[in-house]
Amino acid sequence: MPKEKGTVHYDSPAGGWGSLRGISTIFGKEWSTPLAIETLMRQNKPHGFMCVSCSWAKPANPHPFEFCENGAKATLWDLTSRRCTPEFFATHTLAELREWRDYDLEQEGRLTHPLRYDAATDRYVPCGWDEAFAAIGKELRALEPKSAVFYSSGRASLETSYLYALFARLYGHNNLPDSSNMCHETTSVALKQVIGTSVGTVVFDDLSNCDAMFFFGQNTGSNSPRFLHPLQEAAKRGVKIITFNPVRERGLEVFTNPQNPVEMLTGQETAISSQYHQVRPGGDIAVILGICKHVLAADDAAQQQGRRVLDEDFIQQHTHGFKAFEAKVRGTGWEEIEAQSGLSRRDIEAAAQVYVEADRVTAFYGMGLTQHVHGFENVAMLVNMLLLKGNIGRDGTGISPVRGHSNVQGQRTVGIAEKPELVPLDRLAKQFNFKPPRDKGLNTVEACEGIISGQVRAFIGLGGNFVRAIPERDRMEKAWSDMRLTVQVATKLNRSHLVHGQVAYLLPCLSRTEEDIQASGPQAVSMEDTFSCIHGSIARRKPASDHLRSEVAIVAGIAKATLPVNNRVKWDEWVADYSLIRDLIAETYLEEFHDFNNRMFTPGGFYRGNSARERIWKTKSGKAEFTVAKPMSATGFEDAPGRFRLITLRSNDQFNTTIYGYSDRMRGIEGTRDVVLINPLEMRRHNLREGQVVSLVSDAGDGVERKVSGLRVTPFRLPDGCLGAYYPEMNPLIPLSHHDEQSKTPAAKSVPVRILQEDGREDTGNGREPVGHATHPL
Ligand SMILES: Nc1nc2c(c(=O)[nH]1)N[C@H]1C(S)=C(S)[C@@H](COP(=O)(O)OP(=O)(O)OC[C@H]3O[C@@H](n4cnc5c(=O)[nH]c(N)nc54)[C@H](O)[C@@H]3O)O[C@H]1N2
Ligand SMILES: Nc1nc2c(c(=O)[nH]1)N[C@H]1C(S)=C(S)[C@@H](COP(=O)(O)OP(=O)(O)OC[C@H]3O[C@@H](n4cnc5c(=O)[nH]c(N)nc54)[C@H](O)[C@@H]3O)O[C@H]1N2
Ligand SMILES: [Mo]
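Put into structure tokens, the structure is as follows:
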């Protein structure tokens, strides 16, 4: 692959020795103990435990080590021997801990005791579980239920999630925002509208049956590394892999399988992408429209010879809105497509030609499509492209949002939803003999607005690090402490535990890597992977502390202390035996979860089905919908001199707000996260030096000052007009109002910013017109 002179980059393949070194650098000796190895061996295996990292599929025939660099890091992070005990909290006030870095907070290790905030000393002090439940219950009973928010980060099991959502509804609200609201909510809204299902249609076998794969804005090498194995197999089989990403992500370029001794010892690499196009951030609508334009042109030409490129029968029988879409595509000129995408017509046509020639196409995407003001249009455009050739609902085809958290998809499946229409409320009403609230609840952005306005009085966090993950950090942190009650259920200390309500509890829970013994014996839990397969998970490792409780027990404990007695609602029995909770899930979601307890350990998981895969379209028109995107750019703002599109990036050494270390190995950035990435030509245009320290300021035009300082200018191969910097450090720059219009997913992949040089001089762009083209075509 060609290298850009003077830019920071990484030469080695993804995987390879680097990935093993990546693990040992962080964990040193801890990683090679027999206990750790034994635990890793049981990861993602039938009758083992399911990885706490990403939601990538768990195959029926797993590798001996069915884990990756990041799965290993996530597991070892939980297995740490460090403990964050009451003694630690006795020696540090929260004001003091608020000065610590996120990394240092989590380095203190696993939380060991339930803790209550003591205002007199500004410290967390130990308390009993019953005392905590009673106090929380008393607070919740005194509040108007609709002023409480129950957040979940996408790790908690199906069993916990079902009970948590039931608790919210029995208490009286649908305020159930989820990390999904910052992530693939765009998918859930867009796919639901255009193909009638809120999840992807691809299953594992499609990976071995397709002829081409299109990747948009998903960083496989860092974020779902086990996916590199089937990708490598596909590449070896001659499948064309076409990638669109402003950043040249190493895992999508070349891969050496760290679990293949021959490859490791001989340094064999597999090239992954056959084409790699550095689209401008927000340029995908234009790219995909360009692909469709080429497909229509190819179809016109084919018709001359009595053939078709379009799947005419499929379009006729199964879709709605084709004519309007066709008119839009034909009516859009290449000049506009090139300007908006930053790619040349030649490059887009090269990608499109692969689409034209392939019989079976799958499309994969991640945050690069969903986290934009017009993320909905991004996803809907990708569906348009697939519909043209009937690439949904046939083996070896389909659309695949690659989900993040290990059970984020499953939580939505079993009722964690702020949208009441997505939940079978009538069935719940019968099952538990109550009147579920019917009004729409708060999603993440609305919960933030409610916290700022003072309407939200209580926040329960089932995992996660809400104040770090959301936009608008400064205002959010200030407003946070006005809440009456905050409760955080967590494994490790993070920032969200340090900004707190007047009454605050920090409740430590078991991790999925630890055995969970209840009155009826050891318990299993379950989750749903990105391909809609449900897996049971059992862990054997001894818990980090004797005082930990399971998430099921904590949710039930709080619920029981809050709610009046209801003889259909048996918190204690459910905690004693989780199979009873699975029976309840099966009763509520008959179709998907029948016989749940018997099927939960099916190797490869059991598939809960997908109507669109069967070409049954549960949409308004009863067909798959072609849609016409009005905007041609997904950013939602105009270009202006000096204004950049900031991409907030994840490194290979983090899991969301958890920072494992300071090595973004696969991008060649070492020892710091305080960087701003920019291409060398743009550096020259804006008079920036390598290593110069600058600030970024938000350029949202709403008069609010948002600034992050201390960022080192780092030359990096990016398209013109954009910058890269790390999430969550950049979150203070994102206005709360900057989100996908339809789903309210924060638009973290195109944030309008300006560069402020430390002498206070704001970059004006030197009066230069904004540029549209990538400077680094292949
Ligand atoms: N190691 C690790 N694994 C993780 C996580 C983690 O933090 N660390 N997080 C988990 C979670 S919750 C999630 S949601 C997933 C996230 O996984 P991904 O969906 O891969 O998310 P990101 O890494 O945020 O960004 C994806 C890619 O989008 C590209 N991109 C940015 N803007 C655009 C654009 O406009 N167009 C296109 N085509 N591409 C663009 C970026 O360069 C980046 O490569 O990973 C999960 N797995
Ligand atoms: N700028 C920007 N912002 C983003 C994103 C972005 O790309 N850019 N990505 C967004 C996305 S995709 C997501 S998903 C969100 C992530 O938002 P969250 O899901 O809220 O955040 P995490 O960092 O995953 O949460 C980490 C914490 O979870 C707790 N934890 C870990 N394991 C467990 C467990 O088993 N049980 C419990 N109870 N707690 C546990 C630990 O205390 C740890 O500190 O961030 C979003 N924010
Ligand atoms: Mo996510």
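Numbering-wise (the working numbering), the sequence shown opens with residue 86 and increments by one.
Glycine is no exception: its CB is placed at the ideal position from the N, C-alpha and C atoms.
By how many angstroms is the C-alpha of G746 removed from the C-alpha of Y188? Here residue 188 is taken as the residue at index 103 of the sequence shown, counted from 1. Here residue 746 is taken as the residue at index 661 of the sequence shown, counted from 1. If you take the alpha carbons of Y188 and G746, they lie about 8 Å apart.
Suppose you measure from the CA of N47 to the CA of P310; what does that come to, to the nearest Å? Nothing can be reported for residue 47, as the shown portion of the chain is limited to 86 through 863.
DSSP on T92, reduced to helix/strand/coil? Translated into the one-based positions of the sequence shown, residue 92 becomes position 7. T92 falls in the coil class under three-state DSSP.
Which value, in whole angstroms, describes the spacing of the CA atoms of H858 and A554? Locating residue 858 in the sequence shown gives position 773, counting from the first residue. Locating residue 554 in the sequence shown gives position 469, counting from the first residue. Bear in mind that a pLDDT of 37 at H858, under 50, signals an unreliable position, so the model cannot answer this.
Beta carbon of K577: closer than 6 Å to some heavy atom of ligand 2? On the sequence shown, position 492 is the one that residue 577 refers to. Yes, Cβ of K577 sits closer than 6 Å to a heavy atom of ligand 2.
Q363 classed as buried or exposed, judged by whether at least 16 other C-beta atoms fall within 10 angstroms: Reading the sequence shown from its first residue, position 278 is the one you call residue 363. Q363 should be labelled buried.
Nearest CA to the CA of G753: which residue from T799, I732 and V713? Residue mapping note: residue 753 aligns to position 668 of the sequence shown, counting from 1. The candidate whose alpha carbon is nearest that of G753 is T799.
Is it buried or exposed for R333, if we count other Cβ within 10 angstroms and need 16 for buried? Along the sequence shown, one-based indexing puts residue 333 at 248. Buried, because 16 or more other Cβ atoms sit within 10 Å of the Cβ of R333.
Limits of the beta strand (DSSP E) - the one that A145 falls within: Position 60 of the sequence shown holds residue 145. First-last for A145: undefined, no H or E at that position.
Is any heavy atom in ligand 1 found nearer than 6 Å to the beta carbon of L829? Locating residue 829 in the sequence shown gives position 744, where the first residue counts as 1. Note on residue identity: the sequence assigns Lys, not Leu, to residue 829. Outside the cutoff, so no.
Return the first residue and the last residue of the beta strand (DSSP E) that Q842 is part of. Within the sequence shown, numbered from 1, the residue matching residue 842 stands at position 757. First-last of the beta strand (DSSP E) with Q842: V836 to Q842.
Buried or exposed (CB count within 10 angstroms, at least 16 for buried), L182: Position 97 of the sequence shown, counted from the start, is the residue given in the question as residue 182. L182 is buried by the Cβ-count criterion.
Using 7 Å as the limit for Cβ to Cβ distance, is G475 near chain B? Considering every chain present, this structure includes no chain B. It has just one protein chain.
To test your reading of the DSSP string, which unbroken alpha helix (DSSP H) runs of 4 or more residues are found completely within the region 538-611? Counting only runs of at least 4 residues, the region 538-611 fully encloses the following alpha helix (DSSP H) elements, listed from N- to C-terminal order: 551-554 and 558-565.
Between the region 611-626 and the region 184-202, do three or more beta carbon pairs fall short of 8 Å? no
For the candidate residues A175, L471 and S429, whose alpha-carbon lies nearest to that of V441? By 1-based counting over the sequence shown, the position of residue 441 is 356. Checking every option, the nearest Cα to that of V441 belongs to L471.
From E154 to A319, what does the alpha carbon distance come to, in whole angstroms? What you label residue 154 is simply residue 69 of the sequence shown in a count that begins at 1. What you label residue 319 is simply residue 234 of the sequence shown in a count that begins at 1. Cα-Cα distance, rounded: 21 Å.
Helix, strand or coil for F295, going by three-state DSSP, please let me know. The residue given as residue 295 occupies position 210 in the sequence shown. It should be noted that the sequence gives Cys, not Phe, for residue 295. C295: coil per DSSP, three-state reduction.
Checking 7 Å against the spacing of the C-beta atoms, do P556 and I819 come in under that value? Mapped onto the sequence shown, residue 556 falls at position 471. Mapped onto the sequence shown, residue 819 falls at position 734. Result yes, Cβ atoms of P556 and I819 sit closer than 7 Å.
Go ahead and label K465 buried or exposed: buried means 16 or more other beta carbons lie within 10 angstroms of its beta carbon, across all protein chains shown. Against the sequence shown, residue 465 aligns to sequence position 380. In the sequence as presented, Lys is not what sits at residue 465; that position holds Ala. A465 is buried by the Cβ-count criterion.
Should V93 and V541 be called a contact, given that it needs their Cβ atoms to be closer than 7 Å? In the sequence shown, residue 93 corresponds to position 8, counting from 1. In the sequence shown, residue 541 corresponds to position 456, counting from 1. No. Outside cutoff.
Kindly identify the DSSP beta-bridge partner or partners of T328. Here the question's residue 328 lines up with position 243 in the sequence shown. In DSSP, T328 forms a bridge with F300 and Y361.
Going by DSSP, what residue range makes up the alpha helix (DSSP H) through I422? Taking the first residue of the sequence shown as position 1, residue 422 is located at position 337. Boundaries of the alpha helix (DSSP H) around I422: W419 to S426.
Close Cβ partners of S605 (< 6 Å) along its chain, the five nearest in sequence each way excluded: The residue given as residue 605 occupies position 520 in the sequence shown. Answer for S605: A661 and D662, listed in chain order.
Report all residues from its chain with a CB closer than 8 Å to the CB of H679; omit the five preceding and five following residues, and keep chain order. Position 594 of the sequence shown holds residue 679. Closer than 8 Å at the Cβ level, and outside the excluded window around H679, lie A671.
Rounded to whole angstroms, what's the CA-CA distance from A371 to D724? Just pull it up for me. The sequence position of residue 371 within the sequence shown is 286, counting from 1. The sequence position of residue 724 within the sequence shown is 639, counting from 1. So the alpha carbons of these two residues sit roughly 16 Å apart.
Could you pull out every residue in the same chain whose Cβ sits closer than 7 Å to the Cβ of E72, ignoring the five residues on either side in sequence? For the chain, the structure presents residues 86 to 863; residue 72 sits outside this window and is missing.
Taking only heavy atoms of ligand 1 into account, decide whether any of them is closer than 6 Å to the Cβ of D385. The residue given as residue 385 occupies position 300 in the sequence shown. Because no heavy atom of ligand 1 lies under 6 Å away, the Cβ of D385 does not count as near it: no.
Could you tell me the distance, in whole angstroms, from the CA atom of V499 to the CA atom of S283? Here residue 499 is taken as the residue at index 414 of the sequence shown, counted from 1. Here residue 283 is taken as the residue at index 198 of the sequence shown, counted from 1. A direct Cα-Cα distance of roughly 13 Å separates V499 from S283.
Can you give me the start and stop residues for the beta strand (DSSP E) that R730 sits inside? Within the sequence shown, numbered from 1, the residue matching residue 730 stands at position 645. Counting along the chain, the unbroken beta strand (DSSP E) around R730 starts and ends at F729 to L734.
Taking the alpha helix (DSSP H) that G101 belongs to, which residues open and close that run? Sequence index remark: in the sequence shown, residue 101 carries index 16 (1-based). Where G101 is concerned, the enclosing alpha helix (DSSP H) stretches over G101 to F112.
Alpha carbon of I373 to alpha carbon of L467, nearest angstrom: As a position in the sequence shown, residue 373 is number 288, starting the count at 1. As a position in the sequence shown, residue 467 is number 382, starting the count at 1. Their backbone Cα atoms lie some 7 Å apart in a straight line.
Could you say which of L591, F517 and D524 lies nearest to F544 if we only look at CA atoms? Indexing the sequence shown from 1 puts residue 544 at position 459. Of the candidates L591, F517 and D524, the one whose C-alpha sits nearest the C-alpha of F544 is L591.
Does ligand 2 have even one heavy atom less than 6 Å from the beta-carbon of T160? Numbered from its first residue, the sequence shown carries residue 160 at position 75. No; taking the cut-off as 6 Å, the Cβ of T160 has no heavy atom of ligand 2 nearer than that.
CB-CB under 6 Å to P862, same chain, minus the five flanking residues each way: which ones, in chain order? Here residue 862 refers to the residue found at position 777 when the sequence shown is read from its first residue. Because the pLDDT of P862 is 31, which lies under 50, any placement of that residue in the model is unreliable, and the number read from its coordinates should be weighed accordingly. Once the five neighbours on either side are set aside, P862 has no close Cβ partner at all.
In terms of residues, what are the limits of the beta strand (DSSP E) holding K792? Within the sequence shown, residue 792 is the residue found at index 707, counting from 1. Segment K792 to P800, the beta strand (DSSP E) holding K792.
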